[in-house]
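If you want my numbering, it's the 1-based position in the sequence shown plus 21.
Even glycine gets a Cβ: it sits at the ideal position worked out from N, Cα and C.
Every value quoted in this text rests on a predicted model; they were computed, and no experiment measured them.
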Amino acid sequence: MNPCYSISTNITKCNSKIWVKFAISQYAENEHMNFQLNEEQLAVQQAARSFAQNQCLPGVIERDTHMIHPTEILKELGQLGFMGMMVDPKYNGGGMDTLSYCIAIEEISKIDNSCSVAMSVNNSLVCWGIEKYGNEEQKEKYLKPLASGEKLGAFALSEPEAGSDATSQRTTAIDKGDHYVVNGTKNWITNGGKADIYLVIAQTDTEKGHRGINVLIMEKGMEGFTLGAKEDKLGIRSSDTHSLLFQDVKVPKENRIGDDGFGFKFAMETLSGGRIGIAAQALGIAQGAYELSVKYSKERKAFGKEISKHQAIAFKLADMATEIEAARLLVYKAAALKDEGKDYTQASAMAKVFASEVAMKTTVQAVQVHGGYGYVKEYHVERLMRDAKITEIYEGTSEIQRIVISRGILK
Ligand code: CAA
């Protein structure tokens, strides 16, 4: 190894030309710094972009206003292979990498975040966990229809009194030999009322704390499993968000994923990957709002010229573009680390906290660029601003991401 690389304090003593050459070659060799999309990724981007324009855009305002679930659109996404993108083709998946998945989420999120969150939960919280830790029977029975989009999945961790503090599970899964009996309530569950298959996190042994938590696959229609209230939300309004009620639900033991007590680690690991998807969603929201702002500012005139020619607006666009590019690099890096089989816990938390805050800032500025038009539904940026907020909350708030990042730094 080049001594300049291993001992940074000696860099100044080295021949600077050699150092620069070496650094450039390291940069080029380091795959996750080289984000030239390959042909397959470009094809995914193009397919998702045209799907968003042709299938998601028509009716998006009406669906948002009246909380109409995009059931048919999700079915079409499934038929095109977008609901199980990273799953092995032998289980009906697309066999693609995480970067392709992020690119697809980004494109759909420019237009319809109720679609992209359903897609994200199905791909990275449900399919991923079953494929990584499920057994063959579980993959045959549950993963195949989820990956093809024939069935929809939901991930049930949050509870009325356990959101960020995820170890404080009140839902219980009592071991009865060949089955568990589940009791409790889950809150704010994405796809909650529309899903067919649910991954439910529940406490089996309170004495063991988080090591006494399990993850069970539950199905719609199980006796004692009913839906609670449907949430009326600020953003992602056509996404179905429900509470789930369990009263003495018998769940066969073969529906447990992994060993007894593995549920909390399963949830944490699954969420680390899920956060990359939400970061990609936030990136798409920001990119969508930015593109609308560029377009509008070139058309709208004030004080005798297009508003883009006023520095007050041009600088806003410059800041948006810069921050979005930084967010994109973090998202793509987290995806690349995951694909390379490296630890991506911190990278996904960084990508999520940064991209979601960029989404919030960018959409607020986009509304400002649009002025009065920005405040009405027709111009789409007010919806993106409302949608952006949830990316700072779900799959771990920004505060939780900062806990994950700082623990990684300080451990
Ligand atoms: N991968 C694997 N294991 C992990 C892990 C990870 N990323 N993070 C933690 N763990 C393990 C730890 O190693 C530890 O195990 P051991 O004790 O056996 O070594 C165990 O989990 C407990 O970890 P901590 O002591 O760090 O636990 P904590 O109570 O301090 O909490 C936390 C850590 C990061 C704050 C966690 O509770 C957390 O992420 N909270 C946020 C939960 C969340 O994201 N909720 C979102 C709901 S889902 C959703 O929004 C879905 C939707 O519908 C859109």
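Backbone CA spacing between residue i and residue j [nearest angstrom]
{"i": "residue 68", "j": "residue 231", "result": "42 Å"}
{"i": "residue 383", "j": "residue 235", "result": "39 Å"}
{"i": "residue 325", "j": "residue 216", "result": "53 Å"}
{"i": "residue 53", "j": "residue 377", "result": "Caution is warranted here: a pLDDT of 45 is assigned to residue 53, below 50, making its placement in the model unreliable, and no coordinate value can be reported."}
{"i": "residue 262", "j": "residue 242", "result": "18 Å"}
{"i": "residue 428", "j": "residue 366", "result": "11 Å"}
{"i": "residue 111", "j": "residue 333", "result": "54 Å"}
{"i": "residue 284", "j": "residue 222", "result": "6 Å"}
{"i": "residue 23", "j": "residue 341", "result": "Here the model assigns residue 23 a pLDDT of 32, short of 50, so the residue's position is not dependable and the matter cannot be decided."}
{"i": "residue 354", "j": "residue 304", "result": "13 Å"}
{"i": "residue 401", "j": "residue 409", "result": "12 Å"}
{"i": "residue 109", "j": "residue 335", "result": "45 Å"}
{"i": "residue 160", "j": "residue 118", "result": "19 Å"}
{"i": "residue 62", "j": "residue 179", "result": "34 Å"}
{"i": "residue 405", "j": "residue 73", "result": "14 Å"}
{"i": "residue 348", "j": "residue 114", "result": "28 Å"}
{"i": "residue 133", "j": "residue 281", "result": "39 Å"}
{"i": "residue 307", "j": "residue 84", "result": "21 Å"}
{"i": "residue 423", "j": "residue 322", "result": "42 Å"}
Closer than 7 Å: residue i CB and nearest the ligand CAA heavy atom
{"i": "residue 286", "result": "yes"}
{"i": "residue 290", "result": "yes"}
{"i": "residue 184", "result": "yes"}
{"i": "residue 142", "result": "yes"}
{"i": "residue 421", "result": "yes"}
{"i": "residue 430", "result": "no"}
{"i": "residue 415", "result": "yes"}
{"i": "residue 329", "result": "no"}
{"i": "residue 176", "result": "yes"}
{"i": "residue 187", "result": "yes"}
{"i": "residue 236", "result": "no"}
{"i": "residue 211", "result": "yes"}
{"i": "residue 358", "result": "no"}
{"i": "residue 263", "result": "no"}
{"i": "residue 424", "result": "yes"}
{"i": "residue 293", "result": "yes"}
{"i": "residue 191", "result": "no"}
{"i": "residue 366", "result": "yes"}
{"i": "residue 90", "result": "no"}
Nearest to residue i (by Cα), restricted to the options the options
{"i": "residue 98", "options": "173, 310, 80", "result": "173"}
{"i": "residue 426", "options": "369, 381, 244", "result": "369"}
{"i": "residue 154", "options": "347, 287, 389, 345", "result": "287"}
{"i": "residue 264", "options": "245, 206, 412, 289", "result": "206"}
{"i": "residue 166", "options": "183, 147, 182, 184", "result": "147"}
{"i": "residue 238", "options": "224, 200, 277, 137", "result": "277"}
{"i": "residue 60", "options": "373, 121, 96, 88", "result": "121"}
{"i": "residue 440", "options": "214, 359, 380", "result": "The structure shown does not extend to residue 440, since the chain spans only 22 to 432, so no value can be given for it."}
{"i": "residue 213", "options": "135, 233, 314, 183", "result": "135"}
Min CB distance residue i to chain C below 8 Å
{"i": "residue 266", "result": "Going by chain labels, chain C is absent from the structure shown, which holds only one protein chain."}
Runs of alpha helix (DSSP H) lying entirely within the region 74-105, each at least 4 residues, in chain order | 81-87, 92-100
For the region 130-214, list the beta strand (DSSP E) runs that are entirely contained and at least 3 residues long, ordered along the chain.
-> Counting only runs of 3 or more residues that sit fully inside the region 130-214, the beta strand (DSSP E) segments are 174-177, 193-196, 200-211, in chain order.
Output the residue ranges of the alpha helix (DSSP H) runs that lie fully inside the region 342-403 and measure 4 residues or longer, sorted by chain position.
-> Complete alpha helix (DSSP H) runs here, min 4: 366-391.
Counting only runs that start and end within the region 227-267, where is the beta strand (DSSP E) found for 3 or more residues in a row?
-> If we require 3 residues or more, the beta strand (DSSP E) runs fully inside the region 227-267 come out as 234-240, 246-251.
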